[in-house]
Amino acid sequence: DTGVSQNPRHKITKRGQNVTFRCDPISEHNRLYWYRQTLGQGPEFLTYFQNEAQLEKSRLLSDRFSAERPKGSFSTLEIQRTEQGDSAMYLCASSSSGANNQPQHFGDGTRLSIL
Amino acid sequence: DAKTTQPTSMDCAEGRAANLPCNHSTISGNEYVYWYRQIHSQGPQYIIHGLKNNETNEMASLIITEDRKSSTLILPHATLRDTAVYYCIVRAFRGGATNKLIFGTGTLLAVQP
Chain A
1 DTGVSQNPRH
11 KITKRGQNVT
21 FRCDPISEHN
31 RLYWYRQTLG
41 QGPEFLTYFQ
51 NEAQLEKSRL
61 LSDRFSAERP
71 KGSFSTLEIQ
81 RTEQGDSAMY
91 LCASSSSGAN
101 NQPQHFGDGT
111 RLSIL
Chain B
1001 DAKTTQPTSM
1011 DCAEGRAANL
1021 PCNHSTISGN
1031 EYVYWYRQIH
1041 SQGPQYIIHG
1051 LKNNETNEMA
1061 SLIITEDRKS
1071 STLILPHATL
1081 RDTAVYYCIV
1091 RAFRGGATNK
1101 LIFGTGTLLA
1111 VQP
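Written out as structure tokens, the structure reads:
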């Protein structure tokens, strides 16, 4: 399968702990996006990379959140000092930089539960 | 980006066509219409997109009205596996922009046996 891969699929942790998620995009895609989805809502944009450059961050991305894409391939999203409100599905998507209307393709997400 | 309006939920009988409407009356000339769906516990799945012409692929057909103020996603022969939340998103593409997707709450399509 050559789709977007996210690991782990599920993460349960205690409040105050740090967590890190990984996203491997479709190999030829140079654009990468992170979204967050809470129960009953559609996904909300968090941040965007073109190659290794982080070009936009949402106001939803507090100082406790950091995302990297060091070599322009896989990306990581770290949450420090987790809070109850961080419980959500974290989704990664990628797209190519061909024509501007190229669709984003999503992974199946990492579901984070904060105890 | 233009706002979209979709019904909260719809039912469809298995084997029949599912027609999912989307209103985007404030759409502008450079905005595309995208459809995604999300099956429980999975990430959103891209279905189809279009600008002004009708589009068809192996999954669905997209019919866009001539004035572009509304569109309909058609699943020609719905199966139980098509039960999902369907999102209609309108997005313009501008050079140098992020082109992030803005999701609403979508339409929950329930295919009935």
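Those protein sequence lines, which keep their order, are chains A and B.
Residues in the first sequence are numbered consecutively from 1, following the numbering used here.
Residues in the second sequence are numbered consecutively from 1001, following the numbering used here.
Virtual Cβ for every residue (Gly too), placed ideally from N, Cα, C.
Please read all numbers here as calculations on a predicted model, not as lab measurements.
According to DSSP, what are the bridge partners of residue i?
| i | result |
| --- | --- |
| A/Glu83 | DSSP output for A/Glu83 lists no bridge partner at all. |
| A/Asp122 | Past the edges of chain A, shown from 1 to 115, lies residue 122 of chain A, and the structure says nothing about it. |
| B/Thr1019 | Checking the sequence, you will find Asn at residue 1019 of chain B rather than Thr. Paired residue(s): B/Ile1074. |
| B/Gly1050 | B/Val1033 |
| B/Leu1109 | B/Met1010 and B/Ala1084 |
| A/Ala93 | A/Tyr33 and A/Phe106 |
| A/Ala88 | A/Leu112 |
| A/Leu77 | A/Phe21 and A/Ala67 |
| B/Gln1038 | B/Val1085 |
| B/Glu1055 | B/Leu1062 |
If you draw a straight line from the alpha carbon of residue i to that of residue j, how long is it in whole angstroms?
| i | j | result |
| --- | --- | --- |
| A/Thr82 | B/Ala1110 | 36 Å |
| A/Met89 | B/Thr1004 | 23 Å |
| A/Glu78 | A/Cys23 | 12 Å |
| A/Lys71 | B/Ala1092 | 29 Å |
| B/Ala1028 | A/Leu115 | The amino acid occupying residue 1028 of chain B in the given sequence is Ser; Ala does not appear at that position. In a straight line, the C-alpha of B/Ser1028 is about 45 Å away from that of A/Leu115. |
| A/Ser58 | B/Asn1053 | 33 Å |
| A/Gln50 | A/Ser75 | 11 Å |
| B/Val1033 | B/Asn1019 | 16 Å |
| B/Ala1017 | B/Ile1047 | 16 Å |
| B/His1049 | A/Glu68 | 30 Å |
| B/Ile1063 | A/Gln80 | 45 Å |
| A/Thr2 | B/Asn1023 | 34 Å |
| B/Asn1030 | A/Gly40 | 30 Å |
| B/Glu959 | B/Asn1099 | Coverage of chain B is limited to positions 1001 through 1113, which leaves residue 959 of chain B absent and any answer about it impossible. |
| A/Ala93 | A/Ser66 | 17 Å |
| A/Gln54 | B/Ala1013 | 45 Å |
Would you grab the beta carbon distance between residue i and residue j for me? Rounded to a whole angstrom, and I think it's under 8 Å.
| i | j | result |
| --- | --- | --- |
| A/Phe106 | A/Val19 | Their Cβ separation, rounded to whole angstroms, is 20 Å, which puts A/Phe106 and A/Val19 out of contact at 8 Å. |
| B/Pro1021 | B/Thr1072 | 5 Å |
| A/Glu28 | A/Arg36 | Between A/Arg36 and A/Glu28 the Cβ distance is about 26 Å, and since that is not below 8 Å, they are no contact. |
Closest to residue i by C-alpha separation, out of the options, would be which residue?
| i | options | result |
| --- | --- | --- |
| A/Ser96 | A/Ser73, A/Ser66 and A/Arg36 | A/Ser73 |
| B/Thr1079 | B/Pro1113, B/Asn1019 and B/Tyr1034 | B/Pro1113 |
| B/Ser1025 | B/Thr1056, B/Leu1108, B/Trp1035 and B/Ser1070 | B/Ser1070 |
| B/Met1059 | B/Leu1101, B/Leu1075, B/Asn1030 and B/Lys1100 | B/Leu1075 |
| A/Ser113 | A/Thr38, A/Ser27 and A/Phe45 | A/Thr38 |
| A/Gly85 | A/Asn101, A/Gln104 and A/Arg111 | A/Arg111 |
| B/Gly1015 | B/Lys1100, B/Phe1103, B/Thr1056 and B/His1077 | B/His1077 |
| A/Pro25 | A/Asn101, A/Ser87 and A/Glu52 | A/Glu52 |
| B/Leu1101 | B/Val1090, B/Leu1108 and B/Arg1068 | B/Val1090 |
| A/Leu151 | A/Glu56, A/Ser27 and A/Thr47 | In the structure as shown, chain A begins at 1 and stops at 115. Residue 151 of chain A is therefore absent and cannot be evaluated. |
| B/Thr1056 | B/Trp1035, B/Tyr1087 and B/Ala1013 | B/Trp1035 |
| B/Leu1051 | B/Gln1045, B/Gly1043 and B/Arg1068 | B/Arg1068 |
| B/Phe1103 | A/Pro8, A/Pro103, A/Arg9 and A/Gly42 | A/Gly42 |
Review point. Do three or more CB pairs link the stretch 53–66 of chain A to the stretch 1002–1018 of chain B at distances below 8 Å?
Key: With the cut-off at 8 Å, the stretch 53–66 of chain A and the stretch 1002–1018 of chain B do not touch.
Check your understanding: So does the stretch 8–19 of chain A actually touch the stretch 30–37 of chain A, counting three or more Cβ pairs closer than 8 Å?
Key -> Because the criterion of three Cβ pairs below 8 Å is not met, the stretch 8–19 of chain A and the stretch 30–37 of chain A do not touch.
**Study point:** Validate contact between the stretch 1032–1051 of chain B and the stretch 1077–1092 of chain B using beta carbons, cut 8 Å, 3 pairs
**Key:** By the Cβ criterion, the stretch 1032–1051 of chain B is in contact with the stretch 1077–1092 of chain B, since at least three pairs of Cβ atoms, one from each stretch, lie closer than 8 Å.
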